[in-house]
Amino acid sequence: MSESTPSPAPDADNHSASPAPTAPATPPAAAAPRQSSYIRTVLKVLTGSAAAQAIPLLVMLLLARLVSVEALGVYAIWQAVIYIAIVPATARMEILLVALPLASDRRKAFRIGLFSSIGVGLLLSLVAVLAHGFIEQRLPGWPLSASVLVGLGTWALAMQTLWLAMAVTSGAFGVVNRIRITSAGLTALLQVVLVLFWPNGMMLMLGFVIGTSMGSWAAWLGLKEFLLAHDLPDPSGRHKPCQTYGELMRTHGKTPMIALPAALINTVAQQIPLLLTGTRFGEHAAGLLGTAWRTISAPMSIISNSAQDVFKNKAAEEFNRTGQCRAAYKQTLRLLAFLGIFPSAVLLFWGPPLFALVFGEKFRAAGEIAQVFAPLLFIRFFASPLGYTLLITRQAKLDLYWQIGLLAVSLAAFTLPQEAMTAIKWFSVGYTALYVVYLLLQWRAAGGQGNRHTPPSA
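Numbered per UniProt numbering, the sequence shown spans residues 1 to 458.
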């Protein structure tokens with residue numbers, strides 16, 4: 001949520017190296033981006049996202065029959081730890097990569113994220129190995145190899161996150177597609193092959209690590225010219241390159257440093273359901289919850305994440321030009337709200353029989369979980385990607401306060417009830433209510449209220 005621009009992208013396969021465009025010295029009259037152009041850009045990113053999300057969903061049909069529900073539960077918990085760890089692993093440099101106008105500054109931000117991901121990955125594996133006995137008491141199916149691979153998985157996913165941010169800020173949406181498809185395709189292929197020989201959760205983890213790492217290799221091939229780009233002359237003198245990493249963080253580091261705890265709290269709040277379900281109600285319950293959440297959120301994220309990539313680009317451009325980004329916000333809100341109605345309705349009315357038909361009768365309970373989550377997924381479909389509005393408008397503190405509320409709801413929902421389904425219902429209701437508040441905060445920020453930014457004057 002989870003899981004961090006320049007203006008209209010050149011063709012993704014055009015590798016001419018140039019820094020992100022900057023706002024003109026004299027702003028034109030505020031105008032909404034053309035709807036047709038906006039939708040075309042979303043569809044371009046959507047093509048790759050659809051393939052990247054469809055691949056693991058199709059593979060889930062096989063994995064659900066090749067491995068036990070408990071093995072899927074251990075894998076889901078392992079992934080939950082990684083999703084939490086990548087927040088400090090990237091040091092939220094993906095935010096700076098999107099916002100920085102100069103290529104030299106973006107290179108420094110990328111390297112900070114690289115070194116941070118290596119350090120966090122090594123530390124996480126070390127701590128997990130040392131605490132393996134403690135972990136095994138609460139999760140008997142957690143192998144020692146999972147403690148080793150959790151750090152590697154964190155590094156691999158953190159690097160992919162940084163590469164995706166670099167591709168977005170460079171306008172290389174074709175490379176965004178390439179990264180996602182390569183990573184998803186290789187991960188799925190490796191997981192199926194490995195599970196055929198050794199049907200356990202550890203093989204799912206190994207496939208994830210190798211496949212995600214190969215996605216970063218594909219990113220390097222597509223983006224190395226952008227990484228090596230030189231700053232273009234800036235006659236206005238408004239943008240001066242930072243000479244050191246310290247200067248970069250002093251000048252631009254406030255937003256990512258404020259956003260880091262907010263993102264960490266948000267990610268912990270999202271992953272707490274899996275972690276507490278596994279430790280309180282067992283690996284089987286975690287497997288059902290993980291299967292339900294992954295299956296229903298992935299298809300909706302295809303469009304949601306694609307729109308977010310384009311929204312970050314358009315909203316940042318509009319905000320830098322006019323001091324507000326409501327035109328881009330409204331375009332994205334209308335598009336996602338309309339597209340989210342049908343899948344949410346399907347889950348609400350036919351969740352249990354649909355899961356039993358697709359995955360087998362043993363996953364009917366996962367369909368009941370999906371049914372409970374249907375209203376939450378609808379509002380999350382558009383509220384989550386639009387959350388970047390608070391970062392673009394320099395109101396990261398509001399985002400932090402909201403994330404703290406979300407964490408409190410998650411902890412209460414999964415520690416107080418004595419039954420897994422009751423906890424899931426509490427979580428869904430509380431999360432939905434908080435998203436309504438989130439939308440109100442976003443709308444206010446998109447209109448330029450509460451931010452200190454002023455557009456450049458003539």
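Beta carbons are placed, not taken as given, at the ideal position from N, Cα and C, and that holds for glycine. Bear in mind the structure is a predicted one, so any value in this text is a computation, not a measurement.
CA-CA distance, I404 to G151, rounds to 26 Å.
Cα atoms of L400 and F197: separation of roughly 45 Å, rounded to the nearest angstrom. Counting only the Cα atoms, K240 lies some 43 Å from F378. Only residues of its own chain outside the window of five on either side were considered, and among them Y435 have a CB closer than 7 Å to the CB of R380, listed in chain order. Inter-residue distance for P143 and L114 is about 28 Å (C-alpha atoms, whole angstroms). Rounded to the nearest angstrom, the gap between the Cα atoms of M205 and N177 is 23 Å. Closest option to I112, judged by alpha-carbon separation, among F373, A89, L440: A89. Fewer than three pairs of CB atoms, one per stretch, sit closer than 8 Å, so the segment 361-376 makes no contact with the segment 313-323. Here K312 carries a helix assignment [DSSP, helix/strand/coil]. For the pair A445 and E136, the Cα-to-Cα distance works out to about 46 Å.
In this structure F427 is buried. Its beta-carbon is surrounded by 16 or more other beta-carbon atoms within 10 angstroms. A direct Cα-Cα distance of roughly 31 Å separates Y245 from I210. Minimum Cα-Cα distance from F311 among the listed residues R107, G351, I392, A184 corresponds to I392. Non-local C-beta neighbours of R106 in its own chain, meaning closer than 6 Å and more than five positions away in sequence, comprise L97, L100, ordered along the chain.
Classified as exposed, L61 has fewer than 16 neighbouring CB atoms from the shown chains inside 10 Å of its CB. Around the C-beta of F281, 16 or more other C-beta atoms lie within 10 Å, and the residue is accordingly described as buried. Around the beta carbon of P140, a 10 Å sphere encloses fewer than 16 other beta carbons of the protein chains shown; the residue is thus reported as exposed.
Inter-residue distance for V437 and A269 is about 16 Å (C-alpha atoms, whole angstroms). Look at the segment 81-168 and you find these whole runs of alpha helix (DSSP H), each 4 residues long or longer: 93-99, 103-130, 132-138.
When rounded, the separation of the alpha-carbon atoms in L63 and A146 is 18 Å. The C-beta distance from I179 to L164 rounds to 6 Å, short enough to fall under 8 Å.
The straight-line gap separating the alpha-carbon atoms of L275 and A85 is approximately 14 Å. Within a 10 Å sphere around the beta-carbon of K254 sit fewer than 16 other beta-carbons, which makes this residue exposed. It is roughly 31 Å from the alpha-carbon of Y431 to the alpha-carbon of T169. Assignment of P199 by DSSP, reduced to helix, strand and coil, places it in the coil class.
The Cβ atoms of T182 and G133 lie no closer than 8 Å to each other. Going by DSSP, K397 is part of the alpha helix (DSSP H) stretching over 396-415. Straight across, the Cα-Cα distance linking A128 with L149 is about 10 Å. Contact check for I95 against T154 fails: the beta carbons are separated by 8 Å or more. Between L398 and L441, the gap from beta carbon to beta carbon is short of 8 Å. Here the alpha carbons of G340 and R394 stand approximately 28 Å from one another.
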